[in-house]
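Written below as structure tokens is the structure these notes are about.
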Amino acid sequence: MRGAPRGGGGRRGGRTKGGRGGRRDDRRVDRRDDEDDNGDERDVAGDDVMQRQQQQQRWWDPAWRAQKLEEVKQSRDTVDPQAVDDAVRRLVDSKQEEVVLNELNLGRRGAEAFAKLTRERYPHLDARRYGTGQTAVVVISTVALPDYRADVDVRSTQRREVGALSSDARRVLARAVSAANELASVKDDSQGGDDVMAKETYGWWDDDDTFAERATANEADDIQRRLEEWRANTKDGQGMQARRALLPAHKSRDELIEAVHASRAVVISGQTGCGKTTQVPQFLLEDNSVVGGEIIVTQPRRLSAMAVSARVAEERGEALGQTVGYRVRLSSKTSRKTRLTFCTTGVLLKRMESDPHLRGVSYVVVDEIHERGMLEDFLLVMLRDIVAEDGAGTCQARVLLMSATLDADHFANYFGDGTKHMHIPGRTFPVSASFLDDLVASNAIVPSRLPAPSTSKASRHAYSKEDDSALSTPRVSDIDVYEEAHGVALGSRVAYEMRRWSEVAESATDVELVVAAIEHVHRTAPLDEHRGAEAALGAVLVFLPGWDSIAKVMDACRDRMPPSETLILPLHASLDTREQNRVFKRSAPGVRKIILSTNVAETSITIDDILYVIDSGKSKQTGFDLINQLATLDETWISQANAVQRRGRAGRVQAGLCVHLFPRCLYDRMQPKPLPEMSRAPLAGLVLQIKALGLGEARGFLSRALDPPDDRLVGEAVSRLKAMDALQADEELTPLGRLLCDVPADPAVAKVLIFGALLGNLDDALIVAAGLSRRSPFALPSDPRLRQAADAAKRRFAGRRMVSDHAAMIGAYLAWEREHNEGGASAARQLCRDEFLSYGALVEMRRLKEQLLEALYDSGVLGTANRRGDRSWPEDRRSALRSALQRHSRRCGSAPLLSAVLAAGLFPNVAAMRQRGRRAKIRTREDGDVDLHPGSVVAQAMYRDPSTRSLGGDWLVYGEKVRTTSVNLRDVSVIPSVALVLFGGAAVPSAGGGGFGGSESWTMLDGWASFDVAHSSEMRSLRTSIDMVFQHKFEDPSWDMEEATGRIADAVEALLDEARQ
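Counting in this note's numbering, the final residue of the sequence shown is number 1085, and the numbers go up one at a time with none missing.
Shown next, in the form of structure tokens:
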């Protein structure tokens, strides 16, 4: 029969050649839907026996096969409503939250149609299809369902092998276990004393306790006397006083001082331009009742803290760092004379970990509270508790809250009876506002004539189901809704243009539209005629959502606008301070300054030559999908309050113009205020901070917030910290959790650092931590033709030892550092241009590396005599830090150890890879099938060769997971199974198996990941030794364990090196 024709009439030949051959052809015809089509074909082949006897099966005939498959698909798309009603009745009768229908046998399309009809007939229920082909099931639930459920996915469990060990690897493993056992016996003999060093209560501000020790009363009087002389006897001082007197806040000075004396909490609302940010702290400083006390003013951004402190110091005629200073992450400028300190909210919270009573502090001023940042809302809970003590507690500080909006009563009510509220009127000039439909109606901008923008999938982030109504973006039909509601016809041409615009605006910022608006303002410049011929042209401030859009608009403007007429400057929180300060300097006569900024320019900072504002209407917001337990970073429409705030930036010094690049109907539908960050962002870091401050149970504490977050959001954070071994079952901090609190970084990043130090891979870990904490060091070229060259450069930086985005970060940073050290800044900048790197991001990474190294040093992880507050520190701190870094970086460059560090730190951010034909499928426990970010080194390697052996492992660890049109993993590294077995959280061996050289099944992540472990007894001993040694180190960071950790590193390196070959 091997030579029989494919269409032979024999029963055996027909089934074998026709059926099986047809299936192979079908997989070739439609690979995208192979499982479903094959499932349909199997269902057809398995139909009623009598029907198969009556009709000849002709699977060899493409036309017949296509017809039959289409008939099956159509029949499955038609669902019997009675079957849906019966399923819902079954749910009601069960009195359960959901019912799982796994007996339908409808295939993927049929199950999808069943779920859709259920939702249509019963809108109060949710119904979802899970699985494909014959494994597809339908779940009907009374609550919202996620996009994926592992418990109904028969393919959920990921099973892998951990192969046999070589004799060399087993010898190294035995030495590691022996060293760990010796250490344990020494540790046991030393028990009985206080082996865990008490956490220092030392102030974070500097090495002195209070302001009283830093500056005496006589010195304070001397400072005040010099200030009064400067104001009275110098032209600069007199002029500065005169300008301050013109601010509306100056007229409210006496009222403010009276309010703060009468109440421990005061809420101040003030319109843009009233001077509250710069003047209120000075009023407190000048008030005689606070001589000797410290004043702390928080700002939501480091740029604001630095800029405002510089302005206040200038108004006092002194150098920054004297009476007035700032403290932000990576930078500070204070002295023993400093009495007024501007800082970011996070810096103040870090101080309160060791100084919860804020010793020596007279006032805490929280500025920009209307932005509702997570840390600001967290700080308000703590400050309300301080105010509630009403002088009975140790802390005597008074609290001032400042808001740029008029909803200050919300904050005043939160602080309770007795809270004073005062309003300072603004001093803004009139600002003319134009919306996109106005520009289209006047032919100033015609969207249909602009080049078609390229939309990136990465910008199309989805919202949580529960937030759809609150954050929904406008649709094309909104134009008609607007006309109907307002009784105004936009006109057919304007309506057509608005529809064309809406098709693009819903998915991404229209760069071409922004550039056209800039060109229009530059060309028409209606307000420039009032400035004089010799003056610089009125500056333009453009609000954009993020760095990508800033870079694209900047490149387009530089290509189309003469450099002799324009000065294009970016403004972003991650830029170098010198780059940021350029925006405050005026341009040359006849040159227009154009500032491309994120929302960092919305509040606090003032650029006094801004006449024009162009508002894209977008911003980047962190979010959290409560249903799918998925963090997001969304490009969203701003709120009405944000739009008004942006518009006000144009009216600070004279009448201004604001161009909103969206129609009025969209503005009318925007949310009045932005959602509090605490209600839409992951809370793991915040929960850890609550525990570090000893504030009790996280849910209870956060329930006292101004707008408490959803309890599910808190629960997700607690679960994640437990999986990281940062919290115990009772939600108390573990020894590792206490160490994580000492590192000013995301908990996962901090864990990478700690394990990097213990395994001798510290410098590599510092680079990875800095890269994950800031924007990527890899620049995305705006020219699509250069994308492949940029991807190739990234692969070169990753090297050949490890398929890893983290290894690429390390390679890029080391190349930049080497070039910078040998050739200076100019050579390093040239390298960045040649290799598609971001110079500003790399500079920021270097600074963050230094800060993270200091934090580790102070935590005690790097030695025995370096805990914060220890007076035995070496005199040369920099030398001690360099020495500690070298001692804990002896194994840098080891790909196996980097795999172990990433597995330990990023767990449970784990995905499984399995080769499927010409591609590899990637799955996570929470989401099922996922994709990689296209710019990932791992994605590029998979496209070239999907073999997991060639990639060096069959598991991935990742830095973040973001949902766009699908779920994408970013900052990804390939690791072998043995890395997870040794470092990936709690592993549960099965009861059977074992023995020397035997095999045993281990599971983790509630059984989702399963491993068949060869030489299980030895592997179990090594895992026990690793856990024991590191646990001792976490309990007592000062304990010297270098010999044991060194032996463990040797064993881990040998095992992982074998696994990768």
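No residue lacks a Cβ here, since even glycine has one placed at the ideal position from N, Cα and C. For clarity, every value in this text was computed on a predicted model and none was experimentally measured.
Boundaries of the beta strand (DSSP E) around Lys642: 642-649.
Around Phe366, the same chain offers Val321, Gln323, Ala329, Val332, Ser333, Tyr350 as residues with beta carbons nearer than 7 Å, after the five sequence neighbours per side are excluded. Under the 10 Å beta carbon count, Leu270 is surrounded by fewer than 16 other beta carbons and is classified as exposed. Boundaries of the alpha helix (DSSP H) around Ala832: 829-859. Between Ser862 and Ala803, the CB-CB gap stays under 7 Å.
The way I'd put it, the stretch 774-793 does touch the stretch 872-887; three or more beta-carbon pairs between them come closer than 8 Å. Of the residues Ala135, Arg1047, Ala839, the one whose Cα lies closest to the Cα of His1039 is Arg1047. Across the set Leu403, Arg383, Pro759, the C-alpha of Leu403 shows the shortest separation from the C-alpha of Leu373.
With 16 or more other CB atoms across the displayed protein chains lying within 10 angstroms of its CB, Leu930 is buried. For Cys298, no beta strand (DSSP E) segment is defined, and its DSSP state is neither H nor E. For Asp311, same chain residues with a beta-carbon under 6 Å away, outside a window of 5 residues either side, are Ile281 in chain order. Sequence-distant partners of Arg947 (beyond 5 residues in either direction) whose C-beta falls short of 6 Å from its own C-beta, in its chain, are Ala936, Asp953.
The stretch 863-878 makes no contact with the stretch 1023-1039, as fewer than three CB pairs between them are under 8 Å.
In the DSSP annotation of this structure, the continuous segment of the alpha helix (DSSP H) that includes Ala334 starts and ends at 326-339. Counting only residues of its own chain and dropping the five nearest sequence neighbours on each side, Ala198 has no CB closer than 6 Å to any other CB. For Pro920, the enclosing alpha helix (DSSP H) begins and ends at 919-930. For Lys985, the number of other beta carbons within 10 angstroms of its own is at least 16, and it is reported as buried. A straight line joining the alpha-carbon of Ser356 with that of Arg288 spans about 29 Å. Ala1038 sits in a strand when the DSSP states are folded into three classes. By the neighbour-count definition (other C-beta atoms within 10 Å, threshold 16), Arg582 is an exposed residue.
In this chain, Thr142 is not harboured by any beta strand (DSSP E); it is covered by the alpha helix (DSSP H) spanning 131-145. Excluding five sequence positions before and after Ile1050, the CB atoms of its chain that fall closer than 7 Å to its own CB belong to Leu1006, Ile1072, given in chain order. Closest by C-alpha distance to Glu252, out of Ser458, Glu342, Ala204, is Glu342. Here the alpha carbon of Arg799 sits roughly 17 Å from the alpha carbon of Pro768. In this structure, the CA atom of Asn933 is about 23 Å from the CA atom of Asp734. Per DSSP, Ala1075 lies in no beta strand (DSSP E) segment; the continuous alpha helix (DSSP H) that holds it begins and ends at 1066-1084. Residue burial is scored here from C-beta neighbours: Pro801 has at least 16 other C-beta atoms within 10 angstroms and is therefore classed as buried.
Taking a cut-off of 8 Å on C-beta distances, the stretch 672-680 does not touch the stretch 514-528, as fewer than three cross pairs fall below it. A Cβ-Cβ distance of about 5 Å is found for the pair Val925 and Gly780, placing them in contact under the 8 Å criterion.
A Cβ-Cβ contact shorter than 7 Å links Lys576 with Val535. When the Cα atoms are used, Ser797 and Phe648 turn out to be separated by approximately 19 Å.
Distances from the CA of Arg1044 to each of Glu1059, Gln1055, Trp1026 were compared; the closest alpha carbon is that of Trp1026. Residue nearest to Thr181 within the set Ser573, Met1028, Pro920 is Met1028 (criterion: CA-CA distance).
Residue range 369-378 is occupied by the alpha helix (DSSP H) that includes Gly370. In summary, Thr646 is exposed, with fewer than 16 beta-carbon neighbours lying within 10 Å of its beta-carbon over all protein chains present.
Secondary structure note for Pro105: its alpha helix (DSSP H) is the uninterrupted segment 105-118.
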